[in-house]
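Enquirer: Below is one structure. I have some questions about it.
Residue numbers (my numbering): 11 to 317.
What follows is the structure in C-alpha cells.
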C-alpha cells in the first residue's frame, strides 16, 4: 500500500458490527475489515484499544490519514456522543457538527453526528450511520433528490431534497421479524428457514391487501393459522412472514406515488425489496456498493472546507 494513495480511514461502527475502510480516490476501498466487535461488545474505556488493534497496520502505513467514525459509536452508548443535527441535514450541516476525539495511539479522530427528524407524526425520529450511507449514494449516483431505503433491524425510509435529508421514517422491520420468530407462539411453528420465493411472494401479496393500520397485526396472526391448517409448511412460514413485513411499507410507498426508491444495503436484503417491489409494480433501484465509505469521503471533503 502506498500511503499517498490513502485519503481517509473510515469506520462504520454499529451496535453489533464493526467495518473499517481504507479509502482512496477509487469507488471501491483499497482495503476493508469487518468484525462483530460492535459497541455493545465493549466496555467504557475500551474503544481506543479496540480501534487501534483493528486499524493499527493501516495507521502505521498512513500516519497522516484522517480517521472518521460513523454509526452508533457516536451515540450516548458509544465512545463520544456526537449530538444529532436536525432535518433538513446535508453534508455541510453534518460536517460542521463532527465531534473530535484526541487519542494517544491514533491521533485525532472525527465522529459523525446522527440526524434528527423532529417534525414527523408521532414524535422524534433518529438515525446514526444511515445518513453517511445516504450521502455516499448521492455522491455515487450524482443525485440530489430521491427516496432512499435502508433495510435492516430498523429500516429507514428517507426523503432527500437538494442533497439534504428532508425527512425520514424508521420501521422496526428486522427487529419485529426476529422477535416474532424467536419469542412468540408463532415462532414455535417455524422450522429452519430456507429461501422460498413462492412463500415470500405470498406474504407480499397478503400485504397488498392491507387497508387499515390494525390489519397488519391480524395478518401476522394469520401466519400462524396458515401453518396450523397446513396451508403453508413449517419451513415456509419464515419466508411468508418476511414478505409480509417487508411489503407492508412498500405498499404504503406505492400508494403514495413516492417514485422508485433507491435501496442501500446488503445484496440479499436488496434482492428482497426488489422482488417485493416487482409484485407491487414499484421499481426498486439499487445503490452502489460501499456507500458508507463513499459517504465518509464526501463528509471529509465537507469537513475540510474553509468556514
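Beta carbons: idealized from backbone N, C-alpha and C, even for Gly.
1. Among 46, 15 and 240, whose alpha-carbon lies nearest the alpha-carbon of residue 30?
2. Looking at C-alpha atoms only, which residue of 26, 15, 25 and 36 is the closest neighbour of residue 301?
3. Name the two residues that bound the continuous alpha helix (DSSP H) containing residue 184.
4. May I have a chain-ordered list of the alpha helix (DSSP H) segments no shorter than 4 residues that lie completely inside the stretch 133-157?
5. Would you call the stretch 209-218 and the stretch 249-265 touching, i.e. three or more CB-CB distances under 8 angstroms?
6. Under 8 angstroms, do residue 26 and residue 48 count as touching if we go by C-beta distance?
7. Does DSSP classify residue 41 as helix, strand or coil?
8. Just grab the DSSP bridge partners of residue 31 for me.
9. Rounded to whole angstroms, how far is the Cβ of residue 237 from the Cβ of residue 173, which I believe are closer than 8 angstroms?
10. If you scan the stretch 69-107 from start to end, which runs of the alpha helix (DSSP H) of 4 or more residues do you find wholly inside it?
11. So, residue 170 versus residue 148, is the Cβ gap smaller than 8 angstroms?
12. Using three-state DSSP, classify residue 225 as helix, strand or coil.
13. Over the uninterrupted alpha helix (DSSP H) stretch that includes residue 285, give me the two end residues.
14. Beta-carbon within less than 6 angstroms of residue 140's beta-carbon, same chain only, minus the 5 sequence neighbours each way: which residues are those?
15. On the premise that residue 116 lies in contact with residue 61, defined as a C-beta separation below 8 angstroms, what is that separation, rounded to the nearest angstrom?
16. Compute every distance between the C-beta of residue 304 and the non-hydrogen atoms of the ligand SAM, then say whether any falls below 7 angstroms.
17. Bridge partners of residue 296, per DSSP?
18. So, with DSSP's three-state summary, where would you put residue 174?
19. Kindly identify the DSSP beta-bridge partner or partners of residue 245.
20. Using a 10 Å radius around the Cβ and a threshold of 16 neighbouring Cβ atoms, would you call residue 22 buried or exposed?
21. On the DSSP letters alone, give me the boundaries of the beta strand (DSSP E) that residue 124 sits inside.
22. What residue range is occupied by the uninterrupted alpha helix (DSSP H) comprising residue 208?
23. Quick one: Cα of residue 79 to Cα of residue 269, how far?
24. Alpha carbon to alpha carbon, how far is residue 229 from residue 223? Give it in angstroms, no decimals.
25. Are three or more beta carbon pairs between the stretch 278-287 and the stretch 236-251 nearer than 8 angstroms?
26. In or out: residue 274 buried (at least 16 other Cβ within 10 Å) or exposed?
27. Here's the rule I'm using: 16 or more other beta-carbon atoms within 10 Å means buried, otherwise exposed. How should residue 307 be labelled?
28. Taking contact to mean 3 or more Cβ pairs, one atom from each stretch, closer than 8 angstroms, check whether the stretch 65-74 and the stretch 100-110 are in contact.
29. Please classify residue 246: is it buried, with 16 or more other beta-carbons within 10 angstroms of its beta-carbon, or exposed?
30. Enumerate in chain order the residues of its own chain whose CB-to-CB distance from residue 89 is below 6 angstroms, with the five nearest sequence positions on each side excluded.
31. I'd like to check one pair, residue 18 with residue 33: are the Cβ atoms closer than 8 angstroms?
32. Residues bridged to residue 168 by DSSP?
33. What span of residues does the beta strand (DSSP E) with residue 113 cover, start to end?
Expert: In brief:
1. With distances taken between Cα atoms, residue 30 lies closest to 46.
2. Among 26, 15, 25 and 36, the Cα nearest to that of residue 301 belongs to 36.
3. That run of the alpha helix (DSSP H) goes 183-193.
4. Those alpha helix (DSSP H) runs which fall completely within the stretch 133-157 and span 4+ residues are 140-151.
5. By the Cβ rule, the stretch 209-218 counts as touching the stretch 249-265, because three or more pairs are nearer than 8 angstroms.
6. Yes, they are a contact pair.
7. In the structure shown, residue 41 adopts extended strand secondary structure according to DSSP, grouped into three states.
8. The secondary-structure analysis by DSSP pairs residue 31 across a beta bridge with 20 and 42.
9. Beta-carbon to beta-carbon, residue 237 and residue 173 are separated by about 47 angstroms, too far to satisfy the 8 angstroms threshold.
10. For the stretch 69-107, the full-length alpha helix (DSSP H) segments reaching 4 residues or more read 101-106 along the chain.
11. Yes; because the gap between Cβ atoms is below 8 angstroms, this pair is in contact.
12. When DSSP states are grouped into helix, strand and coil, residue 225 belongs to the helix group.
13. Run containing residue 285: 277-290, per the alpha helix (DSSP H) assignment.
14. Excluding positions up to five away in sequence, the list reads 160 and 166.
15. Confirmed, about 7 angstroms.
16. This structure lacks the ligand SAM; in fact it carries no ligand of any kind.
17. 273, per the DSSP bridge assignment.
18. In this structure, residue 174 counts as strand in the three-state DSSP scheme.
19. Residue pairing for residue 245: DSSP places it in no beta bridge.
20. Burial call: buried.
21. Per DSSP, residue 124 belongs to no beta strand (DSSP E) and is neither H nor E.
22. That run of the alpha helix (DSSP H) goes 207-218.
23. So the two alpha carbons sit approximately 32 angstroms from each other.
24. Cα to Cα, residue 223 sits roughly 11 angstroms from residue 229.
25. These segments do not touch.
26. By the 10 Å Cβ count, residue 274 comes out buried.
27. The residue is buried, with at least 16 neighbouring Cβ atoms inside 10 Å.
28. No, because fewer than three Cβ pairs between the stretch 65-74 and the stretch 100-110 fall closer than 8 angstroms, the two stretches do not touch.
29. Taking all protein chains in view, the Cβ of residue 246 is crowded by 16 or more other Cβ atoms within 10 Å, so the residue is classified as buried.
30. Leaving aside the five residues that flank residue 89 on each side, the residues in its chain whose CB is nearer than 6 angstroms to its CB run, in chain order, 57 and 83.
31. Yes.
32. In the DSSP output, where bridge partners are listed per residue, residue 168 has 158 and 178.
33. 109-113 is the extent of the beta strand (DSSP E) around residue 113.
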